[in-house]
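Accompanying notes for the structure given below.
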Amino acid sequence: MSFRKFTADYLFNGYELLEGAVLITDSKGRVQDVVDKQDAGEDVQLFRGVLSPGFINCHCHLELSHLKNIIPPHTGLIEFLVSVVQKRGFDQEIVQEAIRSAEQEMYNNGTVAVGDICNTADAVISKSRSRIYWNSFIEVLSFTDEQAVDRMDHYKNVLTQHVQLLSPNHQNSLTPHAPYTISSKTFQLINEATKGQIISIHNQEHPAEDELYKTGAGDYLKLFRIFDIDRSPFPVTGKSSIRSYLPYFNNGQTIFLIHNTYMPEEDIVFANEYANSNGLTLVYCLCINANRYIENKTPPVELLLNNNCHIVLGTDSYSSNWQLNIAKEIETMLGIPYFSNMPFNQAFTTVLKWSTIDGARALQVADLFGSFDKGKLPGIVLIENIEEKNLMSKRIL
C-alpha cells in the first residue's frame, strides 16, 4: 500500500489543534494514522496554515445559485423573501450553469458534505455527478390546510426525483420551509412522513415571525399578499413561533433549526426541554454571513453555547451570501465579540469543530467525515491567511 503524508503549522484533527503532527493516508485519502513528526519518516508534504478535515456545510440552497449578486445586501428579511419569490424565473441554461459553478466552488474550497434545501429538482443532475455528499431537504411550502395534501403530493414527486438519482449514496427527506409558510395540517403531514429522519426549518429569522403567531399581524402579511392571501392563515397562539410549531413534531426526528437570529434564551430553553422530553434531537445551524447580508445581524451565539446547544455552520445560498465557503463563515464568526475576546486557538478550535465533526454528526455521516480518525475519508482542506484574518481554504485531497 502506498501512503501520503501531510503536515502544516497546525493539524486540526476534528477535535483539537495539534502542533508537530503528521497525517498519514492511503493514496485515496483514507486516514491511516496521525503521528508525531519525528515518527513520520520521509516524503512528508509541508503546508503553511492549518490542515483540517473537509468542511460540512449544513445549510445551503444550491438551486438558487443563479441569484448571485441579484438581491442587494441589507434589504431586511421580508423584502429579501419578496425578491426571491419575484426573481426566481431565469432560463434553465443560466440556472444549471450557476449550479455547476457553485458546486465546483464548494468542492474546491474543501466542502465534503452539504445539507441542501430543494424546492425543485433543478440541482439533482449536478448533485448526481458531484464528489460531494448531499443530504437533500425537499422543502415544503403550504400556507393553508386546504392546500396541504396537494402540496405534499407535489413535493413528494420532487423527493422521488432525488431518490431515483441520488439514493442510496445520498440522503433525501421532506422538510418544512418556515413557520410562516406551513399550515397546521401540513406540519402534521410532515411529522407523519419523516419518522426518524433529519429535517430542517428556518427559525426565528425576523421578529415578525413571533408577532405572526402572537397576534396574527406583522410584516409577513406583505409576503402573503403576493400569494393572494389577505390575512394570516396560521393560528394565533399568543406564543412565539417555535413554541407554536415545535409541538407538531414527536416522531424521533433530528431537526435543524436554521438561523435563530432573533431566538431569545427562554425559547432556547423551551426547545431543548421539549426535544429532550419528546425524543427529538435539535441542531442549531448558524449562517452568519447570510444574517449579515440580509439583516446585518448576528445570531445569539453566546446564548446557544451557554445552553449546551449542538451548533453547526452553513452558508445559505448565493441569494444571501458573497460566497459559498465555510472558511468565510468561520472568519466572520471569529470576529464577533464573544470569540474575539477569548484566546484565538480556543475560539478557532470551537468554530472548526462546528464546521467538521459537529456537522458530520448532525448529518449522521461521522463514520465517513468530520475528523482524521482512522478509516475515514474526510477530505483534507488547507486553511490559510489566518493571521491576516482573511481566511482562505482549498482542497488538498
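Here the sequence shown is numbered in this note's numbering, starting from 531 and rising by one per residue.
Note that the Cβ used here is the ideal one computed from N, Cα and C, for glycine as well.
The structure presented is a predicted model; accordingly, all values stated were derived computationally and were not measured.
What did DSSP end up calling residue i once you bin it into helix, strand or coil?
| i | result |
| --- | --- |
| arginine 681 | helix |
| aspartate 740 | helix |
| valine 625 | helix |
| threonine 845 | coil |
| lysine 598 | coil |
| lysine 906 | coil |
| isoleucine 662 | coil |
| glutamine 718 | helix |
| phenylalanine 533 | strand |
| tyrosine 814 | strand |
| arginine 788 | For the record, residue 788 in the displayed sequence is isoleucine; it is not arginine. Looking at isoleucine 788 - three-state DSSP - the assignment turns out to be strand. |
| aspartate 646 | strand |
| valine 574 | strand |
| threonine 641 | strand |
| asparagine 699 | coil |
| phenylalanine 585 | strand |
| leucine 548 | strand |
| histidine 929 | The structure shown has nothing for residue 929, since the chain only spans 531 to 927. |
| serine 713 | coil |
| isoleucine 729 | strand |
| methionine 793 | coil |
| glycine 889 | helix |
Quick check: the Cα distance between residue i and residue j, rounded to an integer number of angstroms?
| i | j | result |
| --- | --- | --- |
| histidine 700 | isoleucine 728 | 13 angstroms |
| methionine 636 | leucine 592 | 10 angstroms |
| isoleucine 818 | isoleucine 841 | 12 angstroms |
| glutamine 634 | proline 765 | 43 angstroms |
| isoleucine 601 | aspartate 749 | 19 angstroms |
| leucine 547 | aspartate 539 | 10 angstroms |
| histidine 736 | threonine 745 | 15 angstroms |
| alanine 653 | arginine 659 | 10 angstroms |
| aspartate 573 | aspartate 566 | 14 angstroms |
| lysine 904 | threonine 555 | 9 angstroms |
| glutamate 623 | histidine 596 | 10 angstroms |
| valine 564 | aspartate 897 | 17 angstroms |
| serine 730 | glutamate 914 | 32 angstroms |
| arginine 534 | serine 557 | 6 angstroms |
| isoleucine 866 | aspartate 680 | 44 angstroms |
| asparagine 721 | arginine 578 | 48 angstroms |
| serine 666 | valine 688 | 11 angstroms |
Kindly identify the DSSP beta-bridge partner or partners of residue i.
| i | result |
| --- | --- |
| methionine 922 | Glu914 |
| tyrosine 823 | Answer is none; tyrosine 823 lacks a bridge partner. |
| glycine 540 | Note on residue identity: the sequence assigns tyrosine, not glycine, to residue 540. For tyrosine 540, which the question treats as bridged, DSSP gives the partners Val580. |
| aspartate 563 | Ile554 |
| leucine 704 | Ile668 |
| threonine 767 | Per DSSP, none; premise fails for threonine 767. |
| cysteine 590 | Asp646 |
Restricting to Cα atoms, I'd like to know which of the options is closest to residue i.
| i | options | result |
| --- | --- | --- |
| serine 580 | Phe542, Asn599, Asp646 and Ile601 | Note on identity: in this sequence residue 580 is valine, with serine being the wrong assignment. It is Phe542. |
| aspartate 704 | Asn733, Thr690, Glu669 and Val644 | Inspection of the sequence shows that residue 704 is occupied by leucine rather than by aspartate. Taking only the C-alpha atoms, the option nearest leucine 704 is Glu669. |
| lysine 617 | Lys598, Glu623 and Ser631 | Lys598 |
| histidine 732 | Thr879, Cys590 and Glu803 | Cys590 |
| glycine 900 | Met872, Val625 and Leu843 | Leu843 |
| asparagine 836 | Trp852, Asn808, Pro794 and Asp903 | Pro794 |
| phenylalanine 585 | Ala890, Gly571 and Asn721 | Ala890 |
| tyrosine 792 | Leu547, Val766, Leu834 and Leu776 | Leu834 |
| lysine 657 | Glu627, Lys883 and Thr674 | Glu627 |
| valine 642 | Pro763, Gly559 and Tyr775 | Gly559 |
| valine 625 | Val911, Thr555, Tyr848 and Glu832 | Tyr848 |
| arginine 755 | Glu549, Glu609 and Asn915 | Glu609 |
| phenylalanine 774 | Asp760, Tyr804 and Arg630 | Note on identity: in this sequence residue 774 is serine, with phenylalanine being the wrong assignment. Checked all of Asp760, Tyr804 and Arg630; the closest Cα to serine 774 is Tyr804. |
| glycine 550 | Asn781, Ser532, Asp569 and Ser666 | Asp569 |
| glutamine 575 | Leu553, Val561, Asn855 and Asn806 | Leu553 |
| glutamate 859 | Asn871, Thr886 and Leu787 | Thr886 |
Would you please state the rounded distance, in angstroms, between the beta carbons of residue i and residue j? I believe it to be under 8 angstroms.
| i | j | result |
| --- | --- | --- |
| alanine 857 | leucine 921 | 4 angstroms |
| lysine 919 | glutamate 861 | 7 angstroms |
| glutamate 929 | alanine 747 | Since the first and last residues shown for the chain are 531 and 927, residue 929 lies out of range. |
| glycine 640 | glycine 909 | 6 angstroms |
| asparagine 790 | glutamine 734 | 6 angstroms |
| alanine 892 | valine 813 | 4 angstroms |
| leucine 810 | glutamine 853 | So it is not a contact: roughly 33 angstroms between Cβ atoms. |
| threonine 724 | phenylalanine 673 | Actually they are not in contact, since the Cβ atoms of threonine 724 and phenylalanine 673 sit about 20 angstroms apart, beyond 8 angstroms. |
| aspartate 675 | serine 613 | With a Cβ gap of about 28 angstroms, aspartate 675 and serine 613 do not count as contacting. |
At a cut-off of 6 angstroms, would you count residue i as near the ligand MG, judging by its Cβ distance to the nearest heavy atom?
| i | result |
| --- | --- |
| serine 774 | This structure lacks the ligand MG; in fact it carries no ligand of any kind. |
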